[in-house]
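A.B. asks:
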Amino acid sequence: MPRKPREHQVARSVIFHVLNRGVLKQTIFHGEEDFATFVNAVRQSVARGEVRVYHWCLMPNHYHLVLEIMEPGALSKLVARWQQVYAIKYHKRHNTAGRLFQGRFKSQAIDKEGYLLACGRYVEQNPVRAGLCGRAWDWPWSSAKFYVEGRADGLTTCDPMWGERDRSQYERWLEERSEEYERMFASGTDVIGRDGFRHGLVRKDGRLVLRGRGRRPVGNIKS
Numbered sequence: 001m002p003r004k005p006r007e008h009q010v011a012r013s014v015i016f017h018v019l020n021r022g023v024l025k026q027t028i029f030h031g032e033e034d035f036a037t038f039v040n041a042v043r044q045s046v047a048r049g050e051v052r053v054y055h056w057c058l059m060p061n062h063y064h065l066v067l068e069i070m071e072p073g074a075l076s077k078l079v080a081r082w083q084q085v086y087a088i089k090y091h092k093r094h095n096t097a098g099r100l101f102q103g104r105f106k107s108q109a110i111d112k113e114g115y116l117l118a119c120g121r122y123v124e125q126n127p128v129r130a131g132l133c134g135r136a137w138d139w140p141w142s143s144a145k146f147y148v149e150g151r152a153d154g155l156t157t158c159d160p161m162w163g164e165r166d167r168s169q170y171e172r173w174l175e176e177r178s179e180e181y182e183r184m185f186a187s188g189t190d191v192i193g194r195d196g197f198r199h200g201l202v203r204k205d206g207r208l209v210l211r212g213r214g215r216r217p218v219g220n221i222k223s
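For the sequence shown, the working numbering begins at 1 and goes up steadily by one.
Shown next as structure tokens:
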């Protein structure tokens, strides 16, 4: 039986925090070549104009992407492609077989106006929380270097809510906690944002889209 489409897949103007991890939380990125392989898979979609990535972080056993899809309904297809391309190359490189990722990926719709920057900060702070580095921008496999050091990576598009502000401001801002966002993320909700943002979304053909006139607002969205 084919899977039902995710109820919170995507209109052009909806941004998502996408994440997945290895089966049984096993390591899926063992070294530079592994990290680069996954980045390159996503980078190809960026180059084709299929997606914008505002924040990202690859950890040894999971990944985070904060992205905006350019075409409705493309979220599952794109993520499946990235994971499949990566898994094929991973198994060939490490002489392994079997499922690499833990089931379906998780995704949360993010309110751009109120929560996109907080989401990005949470994502980029992952290596610090895990004790892998002292400063987020010291971790080579995230968007933090793009914002703090101005390093173009062919993957990251500047967060529209940050704009042209100084990089030194981002460094200071990044070292603060996003406690409200962390609580909302931990709750497991599929939409992170203000009531107005939630009420502006409806289900259409199994996907989350902006509400037009006469449509009822979305309630509690489930995967």
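Positions of the beta carbon are idealized from the N, C-alpha and C atoms, including for glycine.
This structure is a prediction, so every number in the text was calculated from the model and none was measured.
1. Leaving out five residues before and five after Cys133 in sequence, what residues of the same chain have Cβ atoms less than 8 Å from its Cβ?
2. Under three-state DSSP, which class holds Ser107?
3. Is Ala118 closer than 7 Å to Gln125 when the C-beta atoms are compared?
4. Please specify which runs of the beta strand (DSSP E), each continuous and at least 3 residues long, are wholly inside the region 95-150, giving them in chain order.
5. Report back the beta-carbon spacing between Leu65 and Val14 to the nearest angstrom; my notes put them in contact at under 8 Å.
6. Going by alpha carbons, who is nearest to Leu24 out of Glu50, Gly114, Thr37, Leu100?
7. When the Cα of Arg129 is compared with those of Arg52, Gly196, Glu175, which residue comes out closest?
8. Could you name each continuous alpha helix (DSSP H) segment of 4 residues or more that falls completely within the region 28-106, going from the start of the chain to the end?
9. Please state if the CB of Arg52 and the CB of Thr189 are separated by a distance shorter than 7 Å.
10. Assuming Asn61 contacts Ile28 under a Cβ cut-off of 8 Å, what Cβ separation, rounded to an integer in Å, is found between them?
11. Between Ala11 and His30, what straight-line distance do the alpha-carbon atoms span, to the nearest angstrom?
12. Output needed for Arg21: all residues of its chain with C-beta closer than 6 Å, excluding positions within five of it in sequence on either side, in chain order.
13. To the nearest whole angstrom, what separates the beta carbons of Ser107 and Leu75, a pair I think is in contact under 8 Å?
14. How is the alpha helix (DSSP H) around Leu174 delimited, first residue to last?
15. Per DSSP, Val18 is paired with what?
C.D. replies: Considering the structure as presented:
1. Cβ neighbours of Cys133 beyond the five flanking positions: Pro127, Trp139.
2. Three-state result, Ser107: strand.
3. Not in contact: Gln125 and Ala118 (Cβ atoms no closer than 7 Å).
4. The qualifying runs are 106-110.
5. Wrong, their Cβ atoms sit about 14 Å apart, outside the cutoff.
6. Among Glu50, Gly114, Thr37, Leu100, the Cα nearest to that of Leu24 belongs to Leu100.
7. Closest by alpha carbon: Glu175.
8. List check, alpha helix (DSSP H) in window: 32-47, 75-94.
9. Cβ atoms of Thr189 and Arg52: not closer than 7 Å.
10. With a Cβ gap of about 6 Å, Asn61 and Ile28 count as contacting.
11. For Ala11, the predicted model reports a pLDDT of 48, less than 50, meaning its position is unreliable and no value from the coordinates is stated.
12. Hits under 6 Å: Asn61, His62, Gln102.
13. Right, the Cβ-Cβ distance comes to about 7 Å (below 8 Å), so this counts as a contact.
14. Annotation for Leu174: the continuous alpha helix (DSSP H) segment containing it runs 167-174.
15. Per DSSP, Leu65, Ser107.
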